[in-house]
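Trainee: Submitted below is the structure of interest, expressed as structure tokens.
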């Protein structure tokens, strides 16, 4: 096999391998579903990069490539994200995310690279384009079929919820992934014949059934809006069929309304049916509150935003416990609206570039020669955007969005006359860069996720945490500190008996110290750090330790002044060090807040409660 054949086969093989990313999950991971998919995605993108660059340099007319508006806007959006991250409030969090959210600039950079791979793949191998899209549909259908059977109780579920999660671990992540494949399957149904036509129609039904099984209202609403938009296109472009289309849509809407009314009045509590037909619950109220916080926060960071992944910068100060009917445990780091999140974290500049990208994609799709593909993909894009109003981006859904962007671009690229393929200096450099990225970023992320996933939470697992803290790149120090704290809570008696408690608490406080040093604006980190410092001081009897704890809790209160859990911790710490005047003043101030009261709970411990 010649070098040229190896490059072509390698690139095609890796691109088809990327179809399998949604199927990956690693039970031993800290994030067994999203974490596994993200790491596999990183590995595939990095390995593919030298193959892509070799083909790009030898086959593509680069002037035409870089003049394409979609490519220009993708690059511009990535550049704005970099600027927003470096000028924002938490650079490290913007670049790599954290142990709970593996998103950020690094993730978006790989998404943009993957979009370029798709564009080149579709341009160089047009005969493979149809097969690739069908692969997307069938992988999604496999996931959907599992979800439907899971919803019926025939297959095991990752959660105790009645909502289907398939191999995604979360019903919302699952549903958001299915939206675009659903419209792709309808397109294939329209252009196929015979058994294939029946197969793709069946796939569409399975995909839609899986969305129902997830109980995700946003995805269902998105699909309905997308179908209505497609019907509108048909109505406008086929005058002879307008009466038929109008009657069909009207009949389906009437049937849907009757089903909605019937199901909403008879659905059992906590069932999928009740969730899909109820829009006045605490979840909806909380989302609306999140959106309001995002809009108000945008005013303070209008141009480039707070930086990617830094919604907490505006949500922590605006969090008022009474509005959530909860005192402790809820820390909002996403507005659950992707467009609003982009506005507040990337500013009007990043948001404007993204909207321009959407406009260009729609324009290019509209001019697509395949009219059915054109209208169906615009409908799919509309459905995706509607459901994005209720969630944040996930790895699998992002891959589908990138596919939709790349589909029309590929047919508008023009290739230069093919030159001989060779291992040039640029390609060699790309291979080295990919290897370095794998070794120093992707591998440490894998080690972190696998190590945290293998941690048992017992004394025997402490060495696991110790090894993780010694890594050159630690993704999330706060989670390490939290695990040390939880071990101390659970194993306090044997730890005191063996004398190991001091080392455990010290390791935990050091981890939290690293966390607040790297992320000084995270009120949650300061709050948990103060808790651990207080524990350490109570065991050692060290008054200086209490003062350190007070300093940390005051820092947390400065970042999130309306949180009652922080207020309660402040009062208790002030009372512990006999600063009764401060404790009394804060007590009286808090007691005056409407909807809340403060008093003595079990064993005389102060408690704050809010009306529900």
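In my numbering, the protein residues as written are 8 to 619. Glycine residues also receive a C-beta, built at the ideal position from the N, C-alpha and C atoms.
Once you ignore the five residues that flank residue 422 on each side, which residues in its own chain have a CB closer than 8 Å to its CB?
Mentor: As a working mapping, residue 422 is identified with position 415 in the chain shown. Its pLDDT being 47, under 50, residue 422 is placed unreliably in this model, and the value from its coordinates should be taken loosely. Excluding sequence neighbours, residue 422 sits near 66, 67, 68, 130, 131.
Trainee: Residue ranges of each alpha helix (DSSP H) run of no fewer than 4 residues wholly in the segment 333 to 402, ordered along the chain?
Mentor: List check, alpha helix (DSSP H) in window: 345 to 373, 378 to 395.
Trainee: What is the rounded straight-line gap between the Cα of residue 239 and the Cα of residue 434?
Mentor: The residue labelled residue 239 in the question sits at position 232 within the chain shown. The residue labelled residue 434 in the question sits at position 427 within the chain shown. Rounded to the nearest angstrom, the two C-alpha atoms are 48 Å apart.
Trainee: Roughly how many angstroms lie between the CA atoms of residue 321 and residue 522, to the nearest whole one?
Mentor: Position 314 of the chain shown, counting from 1, holds the residue named residue 321. Position 515 of the chain shown, counting from 1, holds the residue named residue 522. Each residue's Cα considered, the two are about 19 Å apart.
Trainee: Express the C-alpha separation of residue 189 and residue 119 in angstroms, rounding to a whole number.
Mentor: Your numbering for residue 119 matches position 112 in the chain shown. Your numbering for residue 189 matches position 182 in the chain shown. Those two C-alpha atoms are separated by around 23 Å.
Trainee: Is DSSP giving residue 213 helix, strand or coil here?
Mentor: Taking the chain shown and counting its residues from 1, one reaches residue 213 at position 206. Residue state, collapsed to three classes: helix.
Trainee: Quick check on residue 465: buried or exposed, where buried means 16 or more other Cβ atoms within 10 Å of its Cβ?
Mentor: Start at 1 with the first residue of the chain shown, and residue 465 comes out as number 458. The residue in question, residue 465, is exposed, as its Cβ has fewer than 16 Cβ neighbours within 10 Å.
Trainee: Below 6 Å CB to CB, which residues in the same chain sit around residue 241 once its five sequence neighbours on both sides are set aside?
Mentor: Start at 1 with the first residue of the chain shown, and residue 241 comes out as number 234. Result list for residue 241: 252, in chain order.
Trainee: DSSP three-state label for residue 37, please.
Mentor: Within the chain shown, numbered from 1, the residue matching residue 37 stands at position 30. Coil, per DSSP.
Trainee: Can you tell which of 40, 127, 48 has its C-alpha closest to the C-alpha of residue 72?
Mentor: As a working note, residue 72 is residue 65 in the chain shown. When only C-alpha atoms are compared, the closest one is 127.
Trainee: If you pair each beta-carbon of the segment 209 to 222 with each one of the segment 365 to 376, do three or more pairs fall below 8 Å?
Mentor: No, the segment 209 to 222 does not touch the segment 365 to 376.
Trainee: Tell me which same chain residues have a C-beta within less than 7 Å of the C-beta of residue 381, skipping the five on either side of it?
Mentor: Here residue 381 refers to the residue found at position 374 of the chain shown. Correct list, in chain order: 372, 373, 375.
Trainee: Residue 100 lies in the alpha helix (DSSP H); which residues open and close that run?
Mentor: For the purposes of this step, residue 100 is taken as the residue at position 93 of the chain shown. Counting along the chain, the alpha helix (DSSP H) containing residue 100 begins and ends at 98 to 103.
Trainee: According to DSSP, is residue 571 helix, strand or coil?
Mentor: Position 564 of the chain shown, counting from 1, holds the residue named residue 571. Helix at residue 571.
Trainee: Is residue 202 helix, strand or coil when you go by DSSP?
Mentor: On the chain shown, position 195 is the one that residue 202 refers to. Residue state, collapsed to three classes: helix.
Trainee: First and last residue of the alpha helix (DSSP H) that includes residue 135?
Mentor: Mapped onto the chain shown, residue 135 falls at position 128. Where residue 135 is concerned, the enclosing alpha helix (DSSP H) stretches over 133 to 158.
Trainee: To the nearest angstrom, how far is it from the Cα of residue 307 to the Cα of residue 354?
Mentor: Taking the first residue of the chain shown as 1, we reach residue 307 at position 300. Taking the first residue of the chain shown as 1, we reach residue 354 at position 347. Whole-angstrom Cα-Cα distance: 10 Å.
Trainee: Please determine if the segment 388 to 407 and the segment 442 to 458 are in contact, where contact requires at least 3 C-beta pairs separated by less than 8 Å.
Mentor: These segments do not touch.
Trainee: Compare the Cα-Cα distances from residue 32 to each of 550, 162, 47 and report the closest residue.
Mentor: Residue mapping note: residue 32 aligns to position 25 of the chain shown, counting from 1. It is 47.
Trainee: How many Å lie between residue 93 and residue 407 at the Cα?
Mentor: Mapped onto the chain shown, residue 93 falls at position 86. Mapped onto the chain shown, residue 407 falls at position 400. If you take the alpha carbons of residue 93 and residue 407, they lie about 28 Å apart.
Trainee: Between residue 50 and residue 117, which are expected to be in contact by the criterion C-beta below 8 Å, what is the C-beta distance as a whole number of angstroms?
Mentor: Reading the chain shown from its first residue, position 43 is the one you call residue 50. Reading the chain shown from its first residue, position 110 is the one you call residue 117. With a Cβ gap of about 10 Å, residue 50 and residue 117 do not count as contacting.
Trainee: Taking residue 592 as the reference, give the member of 583, 36, 578, 167 with the closest Cα.
Mentor: Here residue 592 refers to the residue found at position 585 when the chain shown is read from its first residue. Checked all of 583, 36, 578, 167; the closest Cα to residue 592 is 578.
Trainee: Taking buried to mean at least 16 other C-beta atoms within 10 Å of its own C-beta, is residue 153 buried or exposed?
Mentor: Working through the chain shown from its first residue, we reach residue 153 at position 146. Counting Cβ neighbours within 10 Å, residue 153 comes out buried, since at least 16 surround it.
Trainee: Where does residue 619 fall in DSSP's three states?
Mentor: Sequence index remark: in the chain shown, residue 619 carries index 612 (1-based). Only weak support is given to the placement of residue 619: the predicted model assigns it a pLDDT of 44, under 50, and the value that follows is read from those uncertain coordinates. Reduced to three states, the DSSP call for residue 619 is coil.
Trainee: DSSP three-state label for residue 111, please.
Mentor: In the chain shown, counting from the first residue as 1, residue 111 sits at position 104. Correct three-state label for residue 111: coil.
Trainee: Should the segment 521 to 541 be called in touch with the segment 558 to 576, which here means at least 3 C-beta pairs below 8 Å?
Mentor: Because the criterion of three Cβ pairs below 8 Å is met, the segment 521 to 541 and the segment 558 to 576 touch.
Trainee: Residue 21 by DSSP, collapsed to three states: which one?
Mentor: What you label residue 21 is simply residue 14 of the chain shown in a count that begins at 1. If DSSP states are grouped into helix, strand and coil, residue 21 belongs with the helices.
Trainee: Please check the pair residue 180 and residue 41, which I expect to be a contact at CB under 8 Å, by giving their CB distance rounded to whole angstroms.
Mentor: The residue given as residue 180 occupies position 173 in the chain shown. The residue given as residue 41 occupies position 34 in the chain shown. Their Cβ separation, rounded to whole angstroms, is 7 Å, which keeps residue 180 and residue 41 in contact under 8 Å.
Trainee: Decide if residue 141 is buried, meaning its Cβ has at least 16 other Cβ atoms within 10 Å, or exposed.
Mentor: Position 134 of the chain shown, counting from 1, holds the residue named residue 141. Buried.
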